[in-house]
Each structure stands twice: as C-alpha cells, then as structure tokens.
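Asker:
The structure is reproduced here in structure tokens:
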C-alpha cells in the first residue's frame, strides 16, 4: 500500500522510500483512487510467513559439477533403459534402494554394497539405486532430504539441494546409476542431469504439471497407477508426456521462463496396487497391457513390490518378487522392470526429537533388509536368464 507525501512514497506503516521527482508526485496525487489506496485491505500474501532466497541452479551446478566418470555412468544407464523399453535389450530394469534418503553415509554404504551385485547380475539385470529425496505425504510429515535435510524442522532447502546433488554425483562416480521421484517441479533444475531414471508417484500421475515436466526430462520415467488402482490415469499420463508441451518453468539462472519440450518417448507404466488390493499377478498385467495397447503406446510394465502390492507389509515384497519372477521365467516380455524398497536394516523407525536413529534403517516406509535384497536380485536374475534361454532376442 503506497501513498505519496511531499515527494516521497510512504506506505501505510509510515516507511518512506527515496524521494520522487515532484512531477511524479503530482501524477500520483491526480489519480482518482489515490486517497483510497491507504484504506484498502491488503489482498496478497496473506498466509505467507516469509519468503527466503533460493540458490540459483547454476550456482549449485558449479559447486558440484558433472564429471566425466559420472556422465559415463548416467549415459550408459539411460541408454540401457531406453533399449529395454524399446525391446532391444532383454535385461530387467530393477530399481532398488531405501524408501527415502535421510542419511547420506548410509546411502553411500548401501551403494558400495550394491556395486558388486550390479556387475554380478549385469547380463540379466540393469540395477538402478533408489535415491529418493522428496516424499509425498498423505497428510503431513517429513517431506524428504531436499526439504528438511537436518531432520529438525529447519527446512534448510538450499543445504538440502546441495547435499542431494553431491550424493547423486558421488554415486554416479562410484558407478551406481540413480533413480528419484519427481515431486517438485523446480528441483529438477538442480539434480536432473545426474538422474538415470525417474518416477511420477501415484498422487501426482494425474497432475498436468507433472506430465508436462516429464515431457522435457532427459531420463526415462515411470508413471504409477493411482492410489485407487486406476491404471487408465497412468496410461493417459504416458500419452500426454510423449507429446510436446509449453509451460511455465525456470531457467538454470533461476528466472521464470516459458519451457518448450519435445516430448519423452521413454515413459512406462508402474503397477503399485490400489485400494482394492494388489495388481501384480498375471491377470492384472495382461489387463494393463491391453489398456496400454488401446492407447497406442508401448506395452511396458514395471511392478512395484511395495505399497498396495505388498498390502503395506514390507516382508511381502519377496512374495511379490517371486510371483513376478515366475511370470518372467515363463516368458512374459511386457514386464520390463521391478521396484523394491530395501535398506541396510529391515523395517522402519520413527523420527522423534532427541531420540537417536538406527543406522541404515528407514524413517519412512519399512524396507526389506540387505540379506533379502541379495536374495531378491538373485531370484530375478535367474528368472531373466530362464527367459533369455527360452526367448533369445
């Protein structure tokens, strides 16, 4: 709210800005609504407590720049996933790792353990590590490392972005390709160059904003069916994301911009179950394939072993994986991938102020432990080997 007094702009709290030239002051005085301005109620930012400056993407990219070895890891993984999606690579894409990342040291240890398994199973599995920094919440709760990296409600987002980017870079240099869920539409400018595969979650698959975002992302993306089990919503998202879009976005300098995309041909469906129960069995896979075919998009399906497919019982992920492995061994080529929530220590723990955390255990969804992770990967590898033997490319 601004009025003019003696050549100065004065707001309704009495704070004055530098003097204005007299002609400018007279023009303001001549405005018909001049004397109404100070009596008008404020209409904007009524529920905003504060706005803090966000570090521009280019500054973070300069702080943690891409390296030759990291780029090689990411490019190789993206090309491999593209080949799987387009039927020229008969391996299985396996996205495995913690439900969410809250401890970067534990994440690095997990990656170090995973590395020899990626090599051991490389002819059958393309293994990508879940490195999820953003968590959608049904109501409220910890929203992830980018949002609250210190787990204390300080919401140090600038630090979270830096910590997250550095971890992705370190893992890529180690030789581990990574997967994230894209929840926020600004954060990709800070980390997307380091991501090999991404997911759009069940709560955001129907969002036009996320479909548009996906159309411009450089990596393959999986869309989950809705929380109620609706597969058509995810298929519609795939159709949309394959097309070009123009929308509001941000540049690497942090400026608002109009983004024009080419469309993303590397999108696929993720079956994660729904309110009516699991959808990983052969009958549900066939139904999903038919829905994809009717939309004239590739009939590629990934199975999420967790969430509604496991009835939210984390140990049931092994049951889901066993069923999926049987379908693969029997020759199903529509199943191109599998996702599982796994950590160094099985189960989950509550995040409570002043209470120490168990190293390597989830603070969000419960996960299978490392021993079961090794068993699951071996099971899937054997199933793919059987499929390769029966149905060589």
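Residue numbers (the UniProt record's numbering): 1 to 393.
Where is the CB? At the ideal position from N, CA and C, for every residue including glycine.
#1: Hey, quick one: how far does the beta strand (DSSP E) through residue 96 stretch, first residue to last?
#2: According to the neighbour-count rule (16 or more other Cβ atoms, all chains shown, within 10 Å of its Cβ), is residue 376 buried or exposed?
#3: Relative to the C-alpha of residue 340, which residue among 370, 46, 147, 298 is closest?
#4: With C-beta atoms as the reference, is residue 295 less than 7 angstroms away from residue 259?
#5: What are the boundary residues of the beta strand (DSSP E) that residue 400 is part of?
#6: For residue 209, count the other beta carbons within 10 Å of its own beta carbon; 16 or more makes it buried, fewer makes it exposed. Which is it?
#7: Sort 221, 248, 109, 343 by Cα distance to residue 337 and report the nearest one.
#8: For residue 162, which residues from the same chain have a beta carbon less than 8 angstroms from its beta carbon, with the 5 sequence-adjacent residues on both sides left out?
#9: Quick check on the DSSP output: what are the complete alpha helix (DSSP H) runs of length 4 or more inside the region 57-131, in order along the chain?
#10: Do you know offhand how far residue 385's Cα is from residue 269's?
#11: Hey, quick one: how far does the beta strand (DSSP E) through residue 142 stretch, first residue to last?
#12: In whole angstroms, what is the alpha-carbon distance linking residue 287 and residue 198?
#13: My understanding is that residue 273 touches residue 307, with C-beta atoms under 8 angstroms, so please give their C-beta distance in whole angstroms.
#14: What residue ranges within the region 244-276 form continuous beta strand (DSSP E) runs of no fewer than 3 residues, ordered along the chain?
#15: Identify every run of the beta strand (DSSP E) within the region 308-375, keeping only runs that are complete inside it and at least 3 residues long; order them along the chain.
#16: On the DSSP bridge list, what partners appear for residue 303?
#17: Is it buried or exposed for residue 105, if we count other Cβ within 10 angstroms and need 16 for buried?
#18: Would you call the CB atoms of residue 234 and residue 214 closer than 7 angstroms?
#19: Evaluate residue 119 with the Cβ neighbour count: other Cβ atoms within 10 Å of its Cβ, from every protein chain shown; 16 or more gives buried, anything less gives exposed.
#20: How big is the Cα-Cα spacing for residue 359 and residue 181?
#21: With contact counted as at least three CB pairs below 8 angstroms, one residue from each stretch, are the region 110-125 and the region 143-158 in contact?
#22: Count the other C-beta atoms from every protein chain shown that fall within 10 angstroms of the C-beta of residue 244, then say buried if there are 16 or more, exposed otherwise.
#23: Quick one: Cα of residue 380 to Cα of residue 125, how far?
#24: Please name the residue in 349, 91, 278, 174 whose C-alpha comes closest to that of residue 114.
#25: Mapping DSSP to helix, strand and coil, what is residue 291?
#26: Report all residues from its chain with a CB closer than 6 angstroms to the CB of residue 90; omit the five preceding and five following residues, and keep chain order.
#27: Counting Cβ pairs, one atom from each stretch, are 3 or more of them under 8 angstroms apart for the region 339-353 and the region 93-112?
#28: Only counting the same chain, and skipping five residues up and downstream in sequence, which positions put a Cβ closer than 8 angstroms to that of residue 185?
#29: What are the boundary residues of the beta strand (DSSP E) that residue 198 is part of?
#30: Which first and last residues belong to the beta strand (DSSP E) in which residue 181 is found?
#31: Less than 7 angstroms separating the beta-carbons of residue 100 and residue 135?
#32: Beta carbon of residue 310, beta carbon of residue 299: below 7 angstroms?
#33: I need the boundaries of the alpha helix (DSSP H) containing residue 214, first residue and last residue.
#34: CA-CA distance, residue 279 and residue 391?
Answerer: Reading off the structure:
#1: 92-97 is the extent of the beta strand (DSSP E) around residue 96.
#2: Per the 10 Å Cβ criterion, buried.
#3: Selected option, being the one with the closest Cα: 370.
#4: Going by C-beta atoms, residue 295 is not nearer than 7 angstroms to residue 259.
#5: The requested residue 400 does not occur in the structure, where the chain is confined to residues 1 to 393.
#6: Burial state of residue 209 is exposed, judged by a 10 Å Cβ sphere holding fewer than 16 other Cβ atoms.
#7: It is 221 whose Cα lies nearest to the Cα of residue 337.
#8: Within the same chain, residue 162 has close Cβ partners 55, 60, 63, 64.
#9: Within the region 57-131, the runs of alpha helix (DSSP H) at least 4 residues long that lie entirely inside it are, in chain order, 57-63, 68-85, 104-120.
#10: Answer to the nearest angstrom: the Cα atoms are 23 angstroms apart.
#11: No beta strand (DSSP E) holds residue 142; DSSP gives it neither H nor E.
#12: Near 24 angstroms, if we compare the C-alpha coordinates of residue 198 and residue 287.
#13: Contact annotation, residue 273 with residue 307: C-beta distance approximately 6 angstroms; criterion of less than 8 angstroms satisfied.
#14: Counting only runs of 3 or more, we get 246-250, 256-260, 267-271.
#15: With a minimum length of 3 residues, the continuous beta strand (DSSP E) runs that stay inside the region 308-375 are 335-341.
#16: Per DSSP, the beta-bridge partners of residue 303 are 271, 338.
#17: The residue is exposed, with fewer than 16 neighbouring Cβ atoms inside 10 Å.
#18: It is not a contact, given that the beta carbons lie outside the stated cut-off.
#19: With fewer than 16 Cβ atoms within 10 Å of its Cβ, residue 119 is classed as exposed.
#20: Using only the alpha carbons, I get a separation of about 23 angstroms.
#21: Contact fails: fewer than three Cβ-Cβ distances are below 8 angstroms.
#22: So residue 244 ends up on the exposed side.
#23: Computed Cα separation, rounded: 8 angstroms.
#24: By alpha-carbon distance to residue 114, the top candidate from 349, 91, 278, 174 is 174.
#25: Per DSSP, reduced to three states, the secondary structure at residue 291 is helical.
#26: Closer than 6 angstroms at the Cβ level, and outside the excluded window around residue 90, lie 388, 393.
#27: With three or more CB-CB distances shorter than 8 angstroms, the region 339-353 counts as touching the region 93-112.
#28: Hits under 8 angstroms: 209, 210, 213, 249.
#29: Residue 198 -> beta strand (DSSP E) spans 197-200.
#30: 178-181 is the extent of the beta strand (DSSP E) around residue 181.
#31: A contact, by the Cβ cut-off of 7 angstroms.
#32: Contact: no.
#33: First-last of the alpha helix (DSSP H) with residue 214: 208-216.
#34: Here the C-alpha atom of residue 279 lies approximately 25 angstroms from the C-alpha atom of residue 391.
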